[in-house]
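The block underneath contains the structure these notes are about, expressed in C-alpha cells.
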Amino acid sequence: MDEGKELEGALREWLAGAGTVVVAGIGNPIRRDDHAGVRVVEGLRGAVSPRVHLIECETVPESFVDEIVDVSPTHVLLIDAALLGLPPGTVDLYDVEEVAAAPGIATHALPLRVLCEYVTLLT
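Under the working numbering, think of the first position of the sequence shown as 81, with each following residue one higher.
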C-alpha cells in the first residue's frame, strides 16, 4: 500500500469525531531536518479548519502546555523528527501509549513521553 495513503487513512481514523485539534510542530531550526515538525505547521497555516489550532513549538514544547490546555483539545498531534532506525523521511504515527513506553532519551529539555503524559492528564 502507498505509505502516504496509509498515513492519511490512519490520520482520518484517529481524527474521526474530533472537536478542537492542536497540531504542534517541534524541532530545532539550526538542525535542518530536525525542524521538520515546525515546517509542517508553517505549511498548514491558512489551509486548515478553524477547529485546528497550530503551534510552532520549536525546541520547547513544554512551554506551550498552557496554550494547548486553554483550547480544550480533543486531539493533540505532535510532529517531531526522530531517529527511529527507519529510512530518512519515513513518517509514522505513534499513540500516547507508544510514546509513553519509549525511553526518555530525547533532544528536548523535557522528554516527549513526559509532555504527552502531562498534557493527557490536563485535558
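Heads up, the beta-carbon is just placed ideally off N, CA and C, and yes, glycines get one too. As the structure is a computational prediction, the values presented were derived from the model and not from experiment.
Can you name the residues that DSSP bridges to residue 133?
Residue mapping note: residue 133 aligns to position 53 of the sequence shown, counting from 1. Looking at the DSSP assignment, residue 133 forms a beta bridge with 102.
Do residue 202 and residue 149 have their CB atoms nearer than 9 angstroms?
Residue numbering aside, residue 202 sits at position 122 when the sequence shown is read from its first letter. Residue numbering aside, residue 149 sits at position 69 when the sequence shown is read from its first letter. In this structure, residue 202 places its C-beta atom within 9 angstroms of the C-beta atom of residue 149.
Going along the chain, which residues of its own chain have a beta-carbon closer than 6 angstroms to the beta-carbon of residue 87, five neighbours each way excluded?
For the purposes of this step, residue 87 is identified with residue 7 of the sequence shown, where counting begins at 1. Within its own chain, the residues whose Cβ lies closer than 6 angstroms to the Cβ of residue 87, once the five positions on either side in sequence are excluded, are 171, listed in chain order.
Residue burial classification, residue 89 (beta-carbon count within 10 angstroms, cutoff 16):
As a first step, residue 89 must be located in the sequence shown, where it is residue number 9. Classification of residue 89: exposed, given that the 10 Å Cβ count is below 16.
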